[in-house]
Amino acid sequence: MPPFLLGCDEIARLLLSKGANVDAPSPHGTPLVAAAAHGKFNAMKILLEHHADPNKVSWDFGTPLTTVLYATPDRMNESTCLECVKLLVKAGADVNCTIPETPLAIATNNGLTTCLKYLLEVGANINVPANQVKKSDSDSKAPLKSSGAKAVRGKNYVAASKLCSEGKSSDKDRKARLKSQGAKAVEGKDYAAASKFYTEAIKLDPADAVLYSNRSLCYLKCGEEYDALIDANACISLDPKWHKGYYRKGAALMSLLEYKEASDAFSAGMKLKPNNKEMQEAHRYYNPVHSFYSYSSTLD
Numbered sequence: 090m091p092p093f094l095l096g097c098d099e100i101a102r103l104l105l106s107k108g109a110n111v112d113a114p115s116p117h118g119t120p121l122v123a124a125a126a127h128g129k130f131n132a133m134k135i136l137l138e139h140h141a142d143p144n145k146v147s148w149d150f151g152t153p154l155t156t157v158l159y160a161t162p163d164r165m166n167e168s169t170c171l172e173c174v175k176l177l178v179k180a181g182a183d184v185n186c187t188i189p190e191t192p193l194a195i196a197t198n199n200g201l202t203t204c205l206k207y208l209l210e211v212g213a214n215i216n217v218p219a220n221q222v223k224k225s226d227s228d229s230k231a232p233l234k235s236s237g238a239k240a241v242r243g244k245n246y247v248a249a250s251k252l253c254s255e256g257k258s259s260d261k262d263r264k265a266r267l268k269s270q271g272a273k274a275v276e277g278k279d280y281a282a283a284s285k286f287y288t289e290a291i292k293l294d295p296a297d298a299v300l301y302s303n304r305s306l307c308y309l310k311c312g313e314e315y316d317a318l319i320d321a322n323a324c325i326s327l328d329p330k331w332h333k334g335y336y337r338k339g340a341a342l343m344s345l346l347e348y349k350e351a352s353d354a355f356s357a358g359m360k361l362k363p364n365n366k367e368m369q370e371a372h373r374y375y376n377p378v379h380s381f382y383s384y385s386s387t388l389d
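For the sequence shown, our numbering assigns the number 90 to the initial residue and increments by one for each residue that follows.
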C-alpha cells in the first residue's frame with residue numbers, strides 16, 4: 090500500500106524528492122489514481138506538485154478524474170470529491186475523457202450534483218458519447234447513462250437524477266447476479282476476480298453492508314490488508330449491529346499486526362453475537378496473542 094494512503098504524506102514527499110517514480114504502476118493503479126480512489130487530497134496535491142500525469146490511464150481504474158467520481162459517495166463525501174476534482178482540473182485533467190465513461194456521465198449516475206455543475210462550468214461537453222463503458226456494464230445501462238447526461242442540458246439536475254433512478258429495478262437484478270458471480274469466484278479461490286464483482290455490485294448499491302464484508306474478505310486473501318480494513322469499517326458504519334463487520338475488521342487488523350485493536354474488534358463482535366462459532370473461535374484464538382503483545386510491548 091502506498092505510504093500516502095496511510096497518511097504518511099511526508100514520507101511520500103521524501104521518496105518523490107529522492108527520485109521515486111511518480112507514475113509507477115501498481116495493483117492500485119498509479120499513485121495518483123490510488124490517492125484519488127480514497128479522496129486523499131493532500132497526497133494528490135503532493136503527487137501533482139511532482140508532475141504526476143493527471144490523465145494517465147490505469148487498467149481497470151480509468152483516469153484519476155473518473156476514479157475519484159466513481160469512488161463517491163462510496164469512499165468520500167461529495168465535498169471532498171469536489172475538492173479533488175478541482176485540483177485535477179487545475180492540473181490539466183481532461184474533463185471529456187471517455188475511459189471508461191465521461192466524468193459527466195459518472196457524476197450524473199452517482200447523483201453528484203455539485204460536481205456535475207462544476208464540470209459543466211469548466212467545459213465538460215454533454216454531447217461527448219459515454220459509450221466506452223466497462224465490459225461488465227449491461228448494454229441496456231449505457232443509453233440510460235447517456236440520457237442522464239443529456240438531461241443536464243437545461244440544468245435540469247432533478248430530471249437527471251430521475252433518469253438514473255429508472256434503472257433501479259434492473260440494477261437490483263444485476264447486483265444479485267454480480268453477488269452470485271462473486272460467491273462463485275470465492276468458491277474457486279479466485280479472490281481477485283471476486284473483488285471486482287463485488288466492486289461492481291457496490292457501485293449499484295453502496296449501502297449494502299454485506300458487499301463490503303465480502304469484498305473485505307477478498308482483499309484480505311489478496312494481501313490487500315488496508316483495503317480489507319477500509320471495507321470492514323464501511324461495513325460496520327452501514328450496519329453497526331451486524332457482528333460480521335467486526336469479524337472482518339479483526340481479521341484485517343491481525344494481518345496488520347495490530348493485535349490489541351484486533352482483539353477489541355473481536356470482542357465487540359462477540360457482544361453482538363456471543364453464540365456465533367466463528368466469533369467464538371476468533372476471540373478465543375486471538376486473546377493469547379493479544380496478551381503476549383500487550384506484555385511484550387512493555388519490555389525495554
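In this text, a Cβ means the ideal position worked out from N, Cα and C, and glycines have one as well.
One thing to note: C173 has its Cβ no nearer than 9 Å to the Cβ of A101. Leaving aside the five residues that flank L137 on each side, the residues in its chain whose CB is nearer than 6 Å to its CB run, in chain order, A180. Here K310 is not near Y335, since their CB atoms are 9 Å or more apart.
Beta-carbon to beta-carbon, L300 and R263 are separated by about 13 Å, too far to satisfy the 8 Å threshold. In terms of Cα proximity to H127, the closest of A113, N144 and T155 is T155. Shown here for F130: same chain residues with a beta carbon closer than 6 Å to its own, the five before and five after excluded, namely E172 and C173 in chain order. A351 is positioned such that its CB atom lies closer than 9 Å to that of M343. Excluding its 5 nearest sequence neighbours in each direction, D260 has C-beta neighbours in its own chain below 6 Å: L293, listed in chain order. Each residue's CA atom was taken as its position, placing R164 and V157 some 9 Å apart. The straight-line gap separating the alpha-carbon atoms of R266 and K285 is approximately 13 Å. Residue range A298 to K310 is occupied by the alpha helix (DSSP H) that includes S302. Taken through DSSP and simplified to helix, strand or coil, G108 comes out as coil. P162 and P295 have their C-alpha atoms some 8 Å from each other. Between S147 and A341, the alpha-carbon positions lie close to 26 Å from each other. C-alpha of I319 to C-alpha of Y287: approximately 14 Å in a straight line. In the three-state reduction of the DSSP assignment, S115 falls in the coil class, being assigned neither a helical nor a strand state.
Per DSSP, reduced to three states, the secondary structure at G181 is coil, with no helix or strand assignment. For G358, the secondary structure class from DSSP, reduced to helix, strand or coil, is helix. If the five residues before and after T169 are omitted, its C-beta is found closer than 8 Å to the C-beta atoms of G128, F130 and T161, all from its own chain and listed in chain order.
Between N199 and D297, the alpha-carbon positions lie close to 15 Å from each other.
In its chain, beyond the 5 residues on either side, A290 have a beta carbon closer than 6 Å to the beta carbon of K268.
Cα atoms of K349 and A357: separation of roughly 12 Å, rounded to the nearest angstrom. Here DSSP, grouped into helix, strand and coil, assigns G339 to helix. Nearest C-alpha to Y315 among P143, G271, A109 and A123: A123. Of the residues P329, L327 and R337, the one whose Cα lies closest to the Cα of Y308 is R337. Between the alpha carbons of S305 and A321 lies a distance of about 6 Å.
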